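Here's the structure, in structure tokens; my notes come after.
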DNA sequence: ATGGTGGTCGAACCA
């Protein structure tokens, strides 16, 4: 079984229903994982998705903030959700495909502006979220699994537009990168995007605040596709759909794709 | 050092 998967922080699934439909029409991934839906599950506009061949969804939602959803052409079994760091936020949901592969969709806390948990509670929550996730993977090694989402960390020097300038900026601080790497090693996860695209600058997010995001190109790679080591060799064809950042009423994130032959 | 933009939901919070 082969399938293509995409992950996209949509920043309101209701406001951006038109560009979700555009992505499904033009790129037709088999599975689309969304973050920051900012909607209760019952208000996600599923009818249009179903009309395009995506009748299956597992999701967790809340009013106004957070929210994650997995849309699919392929039947999905709800595989539960976690409330990491006990925030009471809808930041994770998992689904199982008929071939037994589990897809984890995460929206990691952004962490606020000050990279110090003594001054900024949100930064501590972000680190705690990652520590708890690490501990779960250390206790039980995940198998035949894919983990995607807006992890709100750009781990590599070439995942940001200026490594030195961003070392004290939340999303690229050494302590965040260390926490993310501990999650990866605890679960034996492989960074599929960098397996396929090992070299060079690569971003998936550009701030709304830049005058000309495309020309300035001050991006960061915050959105990730990982696979457990038992299936990582089946992954291929990773790409970032940068053009979606320039669509009508865009999200500040672009979708990240990967395909799997399993 | 600061402010820049955008979404939610209708003032303040979050990214």
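Residue numbers (this note's numbering): 1048 to 1309. We put the CB at the ideal spot given by N, CA and C, even for glycine. Predicted, not measured: the structure shown is a model, and the values here were computed from it.
Return the CA-CA distance between residue 1291 and residue 1137, expressed in angstroms with no decimal places.
Reading the first chain from its first residue, position 244 is the one you call residue 1291. Reading the first chain from its first residue, position 90 is the one you call residue 1137. Going by the C-alpha atoms only, they are around 25 Å apart.
Which residue or residues does DSSP assign as beta-bridge partners of residue 1308?
In the first chain, counting from the first residue as 1, residue 1308 sits at position 261. In the DSSP output, where bridge partners are listed per residue, residue 1308 has 1049.
Helix, strand or coil for residue 1088, going by three-state DSSP, please let me know.
As a position in the first chain, residue 1088 is number 41, starting the count at 1. If DSSP states are grouped into helix, strand and coil, residue 1088 belongs with the helices.
Can residue 1174 and residue 1181 be called in contact, C-beta distance under 8 Å?
Sequence index remark: in the first chain, residue 1174 carries index 127 (1-based). Sequence index remark: in the first chain, residue 1181 carries index 134 (1-based). No. Outside cutoff.
With DSSP run on the structure shown, which of helix, strand or coil describes residue 1226?
Here residue 1226 is taken as the residue at index 179 of the first chain, counted from 1. In this structure, residue 1226 counts as helix in the three-state DSSP scheme.
Quick one, which of 1116, 1066, 1054, 1065 has its alpha-carbon nearest residue 1084's?
Translated into positions along the first chain, residue 1084 becomes position 37. Nearest of 1116, 1066, 1054, 1065 to residue 1084, Cα basis: 1116.
Applying the criterion that 16 or more other CB atoms from any shown protein chain within 10 Å of the CB defines a buried residue, is residue 1264 buried or exposed?
Translated into the one-based positions of the first chain, residue 1264 becomes position 217. With fewer than 16 Cβ atoms within 10 Å of its Cβ, residue 1264 is classed as exposed.
Could you tell me the boundaries of the beta strand (DSSP E) in which residue 1238 lies?
Position 191 of the first chain holds residue 1238. Residues 1236-1238.
Using 10 angstroms around the beta-carbon of residue 1267, count the other beta-carbons present and answer buried if the total reaches 16, otherwise exposed.
Here the question's residue 1267 lines up with position 220 in the first chain. A buried status is given to residue 1267, since no fewer than 16 other beta-carbon atoms sit within 10 Å of its beta-carbon.
Around the C-beta of residue 1225, are 16 or more other C-beta atoms found within 10 angstroms, so that it is buried, or is it exposed?
To locate residue 1225, count along the first chain from 1; it is residue 178. Per the 10 Å Cβ criterion, exposed.
Report yes or no: do the region 1092-1107 and the region 1062-1075 share at least 3 C-beta pairs separated by less than 8 Å?
yes
In three-state DSSP terms, what is residue 1268?
Mapped onto the first chain, residue 1268 falls at position 221. It is coil, neither helix nor strand.
Short of 7 Å in beta carbon distance, which residues of its chain neighbour residue 1286, apart from the five on each side in sequence? Order them along the chain.
Numbered from its first residue, the first chain carries residue 1286 at position 239. Result list for residue 1286: 1304, in chain order.
Let me make sure I understand the geometry here. Which of 1119, 1132, 1194 has the alpha-carbon closest to that of residue 1153?
Mapped onto the first chain, residue 1153 falls at position 106. That would be 1194, whose Cα lies nearest to the Cα of residue 1153.
If we require 3 or more residues per run, which beta strand (DSSP E) segments fall completely within the region 1169-1213?
1192-1197
Among residues of its own chain, excluding the 5 on either side of residue 1068, which ones have a beta-carbon nearer than 7 Å to its beta-carbon?
Taking the first chain and counting its residues from 1, the one referred to as residue 1068 is at position 21. Taken in chain order, the residues that qualify are 1095, 1099.
Give me, in chain order, the residues of the same chain whose beta-carbon lies closer than 6 Å to that of residue 1276; leave out the 5 immediate sequence neighbours on both sides.
Here residue 1276 corresponds to residue number 229 of the first chain, with the count starting at 1. The answer, listed in chain order, is 1235, 1237.
For residue 1217 and residue 1306, I'd like the C-alpha separation in whole angstroms.
As a first step, residue 1217 must be located in the first chain, where it is residue number 170. As a first step, residue 1306 must be located in the first chain, where it is residue number 259. Rounded to the nearest angstrom, the two C-alpha atoms are 30 Å apart.
Confirm, please, whether the CB-CB distance from residue 1272 to residue 1054 is below 8 Å.
Within the first chain, the letter at position 7 stands for residue 1054. Within the first chain, the letter at position 225 stands for residue 1272. Taking 8 Å as the cut-off, the Cβ atoms of residue 1054 and residue 1272 count as close.
For residue 1062, count neighbouring C-beta atoms within 10 Å of its own C-beta (all shown protein chains included) and say buried if the count is 16 or more, exposed if not.
Against the first chain, residue 1062 aligns to sequence position 15. That one is exposed.
Let me confirm a value: residue 1223 is counted as buried when at least 16 other C-beta atoms fall within 10 Å, else exposed. Which label applies?
Within the first chain, numbered from 1, the residue matching residue 1223 stands at position 176. Flag for residue 1223 reads buried.
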